[in-house]
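Peer 1:
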Amino acid sequence: MNKFTYLIVHLLQIVCLYFIYVFNDFYHNRLGFMRNTAYFQEKFASKYSSFLWLIPTLFLLLAIVFVIRKKTLESLVFLIESLLFSGWIFFFSLEQFEIYYLIAGIFALVLILQLVLVSLQKRKVA
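Take 1079 as the starting number for the sequence shown in my numbering and just add one per residue.
(1) Report the rounded CA-to-CA distance for Phe-1205 versus Ser-1153, giving the unit in angstroms.
(2) Would you say Phe-1137 and Val-1196 are within 7 Å of each other, going by their C-beta atoms?
(3) If I measure Cβ to Cβ from Ala-1141 and keep anything under 6 Å in the same chain, skipping five residues before and after, which residues do I get?
(4) Can you tell me whether DSSP reads Ile-1177 as helix, strand or coil?
(5) Measure the alpha-carbon distance for Ile-1181 versus Lys-1200 and round it to whole angstroms.
(6) Can you check whether the CB of Tyr-1099 is closer than 7 Å to the CB of Thr-1115?
(7) Hey, Leu-1198 and Gln-1091: beta-carbon distance below 7 Å or not?
(8) Between the C-alpha atoms of His-1088 and Phe-1175, what's the straight-line distance to the nearest angstrom?
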C-alpha cells in the first residue's frame, strides 16, 4: 500500500475521533438528538451491555497477535489504540458519559480502520 492510502485512513480515524466531540455537543445542545440518543442508549444497554467487554478484548487479542507476528509501527499503534479502548470500556460507564455506546461504536470503527491497515501491511523483515 502506498503512503497516500495510509494518510487517508489515518485522517478518517482522526475525523471519527472528532465526531465524539461533535456528538457530545449535539447531545448537549439539540433536544431531538438527545432524546433519540438517550432512547437508543437505554435500548442497547438493556440488551447488549453485558457483552460489550467482548469487543475490546477481541481487538486487544488481535493487536497482540499482530505485534508478535508483524512487528510494525502500524501494529504497535493498533495495540495502543486497543489498550485505550479497553481501558475506556472497563473504567467508564453510561452514568459518566451520556453517549457512552456511541463513543464505543466510534472507537470500534477507528480500530477496524487500523485493523485494515495492519492486515494489509507486509511483514517487516528483521
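Glycine included, every Cβ here is placed at the ideal spot set by N, Cα and C.
Peer 2: Walking through what the data contain:
(1) One cannot answer for residue 1205 here, as it falls past the ends of the chain, which runs 1079 to 1204.
(2) Indexing the sequence shown from 1 puts residue 1137 at position 59. Indexing the sequence shown from 1 puts residue 1196 at position 118. No, Cβ-Cβ distance for Phe-1137 and Val-1196 is not below 7 Å.
(3) What you label residue 1141 is simply residue 63 of the sequence shown in a count that begins at 1. Hits under 6 Å: Phe-1156, Leu-1157, Ser-1160.
(4) The residue labelled residue 1177 in the question sits at position 99 within the sequence shown. Reduced to three states, the DSSP call for Ile-1177 is coil.
(5) As a working mapping, residue 1181 is identified with position 103 in the sequence shown. As a working mapping, residue 1200 is identified with position 122 in the sequence shown. Each residue's alpha carbon lies about 31 Å from the other.
(6) Locating residue 1115 in the sequence shown gives position 37, where the first residue counts as 1. Locating residue 1099 in the sequence shown gives position 21, where the first residue counts as 1. Cβ distance not < 7 Å, so Thr-1115 and Tyr-1099 don't count as in contact.
(7) On the sequence shown, residue 1198 is found 120 positions in, with the first residue counted as 1. On the sequence shown, residue 1091 is found 13 positions in, with the first residue counted as 1. In this structure, Gln-1091 does not lie closer than 7 Å to Leu-1198 by Cβ.
(8) If you number the sequence shown from 1, residue 1088 lands on position 10. If you number the sequence shown from 1, residue 1175 lands on position 97. Taking the straight line joining both Cα atoms gives about 26 Å.
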